[in-house]
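Protein sequence lines, in the order shown, are assigned to chains A and B. Under this note's numbering, think of the first position of the first sequence as 1, with each following residue one higher. Under this note's numbering, think of the first position of the second sequence as 1001, with each following residue one higher. Note that the Cβ used here is the ideal one computed from N, Cα and C, for glycine as well. Comments concern the structure below.
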Amino acid sequence: MKKAFWLAGIAALALAQPASAGDTIKIGFVSTFSGPTAAIGNDMRNSFELALDHLGRKMGGKPVEVIYEDDGQKPDVGKQKTEKLIQSDNVDFIVGYIWSNVLLASLKTAVDSKTFLISANAGPSQLAGELCSPYVFSTSWQNDQTPQAMGTYMTQKGVKSVFLIGPNYAAGKDMLAGVKSTFKGEVKGEEYTVWPSQLDFSAELTKAKNSGAESIFVFYPGAAGVQFLNQYAQAGIKAQIPLYTAFTIDELSLPLQKDNALGVPGAQQWVNDLPNEENKKYVADYRKKYTGLRPSFYGAQSYDAANLINSAVVAVKGDTSKKDEMKAEMEKANFKSVRGAFKYGKNHIPIQNFYLQDVVKDAEGQLALKTVATIVKDDQDRFHDKCPMK
Amino acid sequence: MLVVVEQMLNGLQFGLLLFLLAAGLTLVFGIMDFVNLAHGSLYMMGAYFAATFVAWTGNFILGCVMALGATLLLGILLEFVALRHLYNRDHLDHVLATFGLILFFNDAVRLIWGPAGLALPLPSWLTVPVQILPGVNYPAYRLSIIAVALLVAALLYVVVMRTRIGMLIRAGASNREMIGALGINIKLLFTLVFGLGAALAGLAGLMQAPILTVQIGMGENILILAFVIIVIGGIGSIRGAFMAAIFVGMIDTLGRAFLPDLLRKVLSSTAASTAAPAMSSMLIYLLMAIVLVVRPEGLFPAAKR
């Protein structure tokens, strides 16, 4: 009798979990879905869902289950959510990560458990160098690459001097170091602000104005970019000291920045008007599915992340225990990226083009980002030599 | 030298804005003995109302005045519906209930206005820089914040020190039971004080909105500074809040402006740029700690009990 009771119990448990490991592809998604930068997380989730729609919500013949978790833009929360997804949800892949400091806090958990982590945005220098891992891939960039492209452009344009302003966290330091590495003119000063709480940049703008620099470079992602441009315009220095940016103006912040962003150049590896077929489909279907919204580079990178995972799962016909084969497949970057074809460096960071983007009024009379030129081709990050992987 | 003048104006502007927020908080805390964490939510609502009404009417001033009225009404409604049932409970219950209100307001805003935030664009006459000294241009909008906040501070002073209502408010701050025993309608007084505090928070929010963005949770970081100010100034004291707010604004801004350069004299350039923002944001809390040790009642305590 007792034995029968136990058997019934075990049977009930087994029935209660119809989707036990192996029947579905489980993906954990860590991003920011609350607070001032929730718009970024939403765009990433929208794009990831769109990619799954395009894949028929299946990978390698198996249904896909995605668990979204909110990091609240806090490293400690991101780490907890990563642990939860890996240890109790047993996800096959973990994706997302807007913020470099959140990713750095979460990295060890993923790597130690040999779970594939796909960064769909954050690209701290450590990840490309000494902390590179066979289980970590990026569908974005290494932080320094984008500002390096901006520095190259400023040098080409003959800018003589610059004042740098950025937030005081992992990515902010990478960004300013990136510009400095390629900008040939004089750096008149650099200021770091408390991140993410400081939103008033009056003291920094006053210093920039009085430094005698010919230009200003800033990195302020999300809502802070809106605030910086507001204050830059209100201080009346837009006409005197031109602004150059990285990750400060995008499709999410532009509706709030409005005319303040007109004519302010930025660098990016993806722009909504890149002329490849995959990208046209992504942008058109996104705007169809999410009326009133436009995809940003954060979304494009998440869309690519879904397709990168799909390429790996298809290669092993859905058997996600074959990690070495999945790694080998992902290293080929064998999927149609919306930024156009790219290769992976040995540190799993893309070797890719960076474009100059400008803000213009589009055919519908709305402000939009537009590709103006290619600044650098097939650019590889400057930390790959420090990565011990072969 | 001119840079110093400009940075001091930045500090003054920031301080005066903090004063508006802290004045409401110190009134409610000091007179009603009520800890209101949702004060930051009223600041946020002021900004959202202003962004909505300005877009709706197309007139910046009219929209702001309407937003001010709306925040005042919201404050009175909030006091009437929820908060007056909590006065007899202890501070922990106040904190719990008003923390709940923060969550309520954040989600209400998400439902009504969406998660993306709003912009409150300035009219063109406020976006030009003004020459205040030869060679010093200052944004017109920041100057107007200074002017409005000083005006409000003067008005508050007159109301609190020279009118009957003000007398009751001061009496309430020093001995609540006694003015109740003297036959003053303390319930009505509390509703008025709370409404006034809400309107001041709303004013701070709507004036900050064009500089920052209007977004969910915008009141939470700045609320911490407001609490620091009322602790430094002395709880319940408008004068204390005014002085402490200007101290804090100046210390924060001047710290950010000059500390990096000072540190660069002793540290390497990279170390200095990294350490300076952290240190300048610590200065305020250091000031609070010192005040708490030297004068636990605050610099300008409202009245001896």
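Since residue i meets chain A, which of its residues come closer than 9 Å, beta carbon to beta carbon?
i: B/E1297; result: Those do not exist, as B/E1297 stays about 29 Å from chain A at its closest Cβ, beyond 9 Å.
i: B/G1217; result: S34, G35 and P36
Which one of the options has the shortest CA to CA distance from residue i?
i: A/D259; options: A/F297, A/L229 and A/Q352; result: A/L229
i: B/W1113; options: A/F163, A/Q380, A/G151 and A/A39; result: A/A39
i: A/A128; options: A/S113, A/D144 and A/K114; result: A/D144
i: A/A208; options: A/F247, A/S197 and A/V162; result: A/V162
i: A/Y355; options: A/P63, A/P134 and A/Q148; result: A/Q148
i: B/V1035; options: B/R1089, B/L1299, B/R1176 and B/L1120; result: B/R1089
i: B/E1177; options: B/G1015, B/C1064, B/G1024 and B/D1033; result: B/D1033
i: B/L1203; options: B/N1010, B/A1022, B/G1166 and B/V1003; result: B/A1022
i: A/G263; options: A/P388, A/D70, A/A51 and A/Q357; result: A/Q357
i: A/H410; options: A/D92, A/K108, A/Q126 and A/K336; result: Limits of chain A in this structure are 1 at one end and 390 at the other, which puts residue 410 of chain A out of reach.
i: A/K160; options: A/D379, A/G185 and A/T206; result: A/G185
i: A/V77; options: A/A170, A/D43, A/D285 and A/T32; result: A/T32
i: B/L1077; options: B/L1196, B/I1230, B/F1247 and B/L1120; result: B/L1196
i: A/P265; options: A/C132, A/A373 and A/D324; result: A/A373
i: A/N466; options: A/I27, A/K361 and A/R287; result: A query on residue 466 of chain A cannot be resolved here, the shown segment of chain A reaching from 1 to 390 and no further.
i: A/G172; options: B/S1273, B/I1165 and B/G1069; result: B/S1273
i: A/S140; options: A/V359, A/V338 and A/G72; result: A/V338
i: A/K280; options: A/D378, A/K336, A/P388 and A/L205; result: A/K336
i: B/G1046; options: B/M1001, B/A1241, B/G1075 and B/P1277; result: B/G1075
i: A/P221; options: A/Q234, A/A213 and A/P167; result: A/P167
i: B/P1327; options: A/A51, A/D319, A/E190 and A/G60; result: Examination of residue 1327 of chain B is not possible in this model, given that chain B is present from 1001 through 1305 alone.
i: A/L131; options: A/K346, A/D200 and A/F342; result: A/K346
i: A/N42; options: B/G1011, B/Y1043 and B/P1115; result: B/P1115
Residue i touches chain A at which residues, Cβ-Cβ below 8 Å?
i: B/R1089; result: Chain A residues near B/R1089: none, gap ~29 Å exceeds 8 Å.
i: B/V1003; result: T206, K207 and N210
i: B/P1121; result: K258
i: B/T1253; result: S202 and A203
i: B/F1247; result: Within 8 Å Cβ-Cβ: nothing; B/F1247 doesn't reach chain A, min ~16 Å.
i: B/P1301; result: What B/P1301 touches in chain A: nothing, since even the nearest Cβ is about 29 Å away.
i: B/F1014; result: D200 and S202
i: B/A1022; result: Neighbours of B/A1022 on chain A: none; closest Cβ ~16 Å, over 8 Å.
i: B/A1226; result: By Cβ distance, chain A contributes nothing, its closest Cβ being about 14 Å from B/A1226, past 8 Å.
i: B/R1084; result: Under the 8 Å cutoff, chain A gives no residues; its nearest Cβ is about 31 Å from B/R1084.
Using a cut-off of 7 Å between C-beta atoms, extract the partners of residue i located in chain A.
i: B/F1049; result: Simply none; closest approach about 18 Å.
i: B/A1244; result: The premise fails here: B/A1244 is roughly 18 Å from chain A at the closest Cβ pair, so nothing lies under 7 Å.
i: B/N1221; result: S197
i: B/G1010; result: The displayed chain sequence assigns Asn, not Gly, to residue 1010 of chain B. Chain A residues near B/N1010: S202, A203 and T206.
i: B/A1147; result: Within chain A, no residue comes near B/A1147; the closest Cβ sits about 16 Å away, beyond 7 Å.
i: B/E1006; result: T206
i: B/R1239; result: Correct list: empty, because the minimum Cβ distance to chain A is about 25 Å.
So which residues on chain B does residue i lean against when the C-beta distance must stay under 8 Å?
i: A/A39; result: P1115, A1116 and G1117
i: A/Q227; result: I1211, L1212 and T1213
Anything in chain B within Cβ reach of residue i, meaning under 9 Å, just list it in chain order.
i: A/N168; result: S1273, T1274, A1276, P1277 and A1278
i: A/N42; result: P1115 and A1116
| request: Anything in the stretch 230-257 of chain A with a Cβ closer than 7 Å to a Cβ of chain B? List those residues in chain order, please. | output: N230, Q231, A233, Q234, A235, G236 and L256
| Short-range partners of chain A found in the stretch 1126-1140 of chain B, where Cβ spacing is below 7 Å | T1127, V1128, P1129, N1137 and P1139
| query | Taking any Cβ of chain A, which residues in the stretch 1190-1215 of chain B have a Cβ under 8 Å from it, in chain order? | reply | P1210, I1211, L1212, T1213 and Q1215
| In chain order, each alpha helix (DSSP H) run of at least 4 residues that lies wholly inside the stretch 90-160 of chain A | 100-112, 125-128 and 145-156
| said: I want to know whether the stretch 41-49 of chain A touches the stretch 281-301 of chain A - three or more CB-CB distances under 8 Å. | reply: yes
| request: May I have a chain-ordered list of the beta strand (DSSP E) segments no shorter than 3 residues that lie completely inside the stretch 199-246 of chain A? | output: 215-218 and 243-246
| request: Scan the stretch 264-284 of chain A for residues whose Cβ lies nearer than 7 Å to a Cβ of chain B and list them as they occur along the chain. | output: none
| message | Across the stretch 91-98 of chain A and the stretch 114-125 of chain A, are there enough close Cβ pairs to call them in contact, namely three or more that are closer than 8 Å? | response | yes
| query | Can you list, in chain order, the residues of the stretch 1266-1286 of chain B whose Cβ is nearer than 9 Å to any Cβ on chain A? | reply | S1269, T1270, S1273, T1274, A1276, P1277, A1278, S1280 and S1281
| Between the stretch 1149-1182 of chain B and chain A, which residues of the former have CB atoms less than 9 Å from a CB of the latter, in chain order? | none
| said: Check whether the stretch 1226-1239 of chain B and the stretch 1100-1118 of chain B are in contact - that is, three or more C-beta pairs closer than 8 Å. | reply: no
| request: Check each residue of the stretch 176-193 of chain A: if its Cβ is closer than 8 Å to any Cβ of chain B, include it; give the result in chain order. | output: E190, E191, Y192 and T193
| message | Check whether the stretch 29-38 of chain A and the stretch 1210-1220 of chain B are in contact - that is, three or more C-beta pairs closer than 8 Å. | response | yes
| Members of the stretch 212-223 of chain A near chain B, C-beta cut-off 7 Å | A223
| query | What are the complete alpha helix (DSSP H) segments, minimum 4 residues, inside the stretch 361-388 of chain A? | reply | none
| field | Any beta strand (DSSP E) of 3 or more consecutive residues that is wholly inside the stretch 281-357 of chain A | value | none
| task | Quick one: which unbroken alpha helix (DSSP H) runs of 4-plus residues sit fully inside the stretch 1238-1287 of chain B? Chain order, please. | result | 1238-1266
| field | Secondary structure, alpha helix (DSSP H): runs of 4+ residues fully inside the stretch 1041-1125 of chain B | value | 1060-1081 and 1091-1113
| What are the uninterrupted segments assigned as alpha helix (DSSP H) that are 4 or more residues long and contained completely in the stretch 1114-1192 of chain B, given in chain order? | 1140-1162, 1164-1174 and 1176-1181
| Near-chain A residues of the stretch 1102-1114 of chain B - C-beta to any C-beta below 7 Å | none
| Does the stretch 1009-1017 of chain B come close enough to the stretch 1246-1254 of chain B that 3 or more CB-CB pairs lie under 8 Å? | yes
| query | Are the stretch 1130-1142 of chain B and the stretch 66-74 of chain A in contact at 8 Å, needing three or more beta carbon pairs? | reply | no
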